Amino acid sequence: MADKTAFRTDGGAAWLNLLATRGQAFGAHPIERLQGPDDLQRWLTLMGLRPREAPSESDLKETVRLRETLRGLAMAAVEPSPPRELRVDALLEFSAKGNPALAGAPLGDVASALSALAIQATLTLRGPDRALLRQCDEVDCRWVFLDSSGRRRWCPAAACASRGRVRAHRAAAAVGASSPS
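Counting from 84, one number per residue, gives the positions in the sequence shown under the working numbering.
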């Protein structure tokens with residue numbers, strides 16, 4: 084069985100992976116993977132955004148605030164009839180706080196890492212990759228991820244696809260059982 088506290092890195096972009104730091108966000112028992120500043124440090128390092136300074140509790144709160152801002156924008160972007168223009172004004176605050184470096188250059192602080200994530204999200208939400216955003220069909224998950232194939236119904240987690248297929252099979256079996264012969 085997979086470790087439920089492990090960080091997801093398969094969303095297609097670091098800002099989408101940030102959304103997965105709260106697993107099963109729409110289920111009865113969400114899984115918070117950013118429990119403390121050390122977890123944030125591990126996640127930022129995994130994403131290639133490790134700051135020189137260790138994260139604080141305040142940095143953790145700001146990260147969670149950015150995550151939930153991004154979740155709302157991502158959810159709006161995958162709606163069947165999304166708004167013609169997504170309001171990304173909320174990201175400007177995060178984008179302006181830090182000093183994101185060029186790829187590979189060290190970041191000074193967590194604000195710079197959050198700024199880089201906000202800029203990445205803005206570019207996705209306002210650019211051609213927005214059309215590649217998909218939402219996992221698994222009701223407890225509903226994670227938004229990049230789907231370059233255009234055919235995925237579930238996020239890259241095997242558990243979501245498995246639960247979805249089982250649910251579909253049971254629904255089909257129930258319809259078949261209730262049909263007159």
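Beta carbons: idealized from backbone N, C-alpha and C, even for Gly. Here the structure is a predicted model, which is why all the values come from computation and not from measurement.
Between the Cα of residue i and those of the options, spot the shortest distance and give me the residue it belongs to.
i	options	result
L174	A160, L200, M158	L200
H112	R217, D223, A257	D223
D172	L149, G95, A97	L149
L153	R105, E136, G181	R105
P120	V147, S231, A96, Q107	V147
D212	A89, A196, L99, T88	L99
S231	Q124, A240, L216	L216
E151	R253, T128, G181, L197	L197
A194	I114, D142, V258, Q118	D142
W226	A214, W126, P239, G233	P239
Q218	T205, R236, G210, R209	R236
E145	R234, E221, L123	L123
S245	E162, E221, A257, V161	E221
How far does the beta strand (DSSP E) with residue i in it reach, from first residue to last?
i	result
Q107	Premise fails: Q107 is in no beta strand (DSSP E) and is neither H nor E.
Could you pull the start and end residues of the alpha helix (DSSP H) that residue i belongs to?
i	result
Q124	120-129
L175	172-180
Indicate the three-state DSSP secondary structure (helix, strand or coil) for residue i in the structure shown.
i	result
P211	helix
L200	helix
E136	coil
E162	coil
L117	coil
M84	Any reading at M84 must be qualified, since the residue scores a pLDDT of 38, below 50, and its modelled position is unreliable; the value itself is stated next. It is coil, neither helix nor strand.
Return the Cβ separation of residue i and residue j in integer angstroms, given the expectation that the two are a contact with Cβ distance under 8 Å.
i	j	result
T88	R116	6 Å
A137	L102	Actually they are not in contact, since the Cβ atoms of A137 and L102 sit about 24 Å apart, beyond 8 Å.
T207	A96	6 Å
S178	I202	5 Å
R135	L127	At roughly 11 Å, the Cβ-Cβ gap does not stay under 8 Å, so R135 and L127 are not in contact.
G94	L229	7 Å
G181	D192	7 Å
* **Runs of beta strand (DSSP E) lying entirely within the segment 217-258, each at least 3 residues, in chain order** => The segment 217-258 contains these whole beta strand (DSSP E) runs: 227-229.
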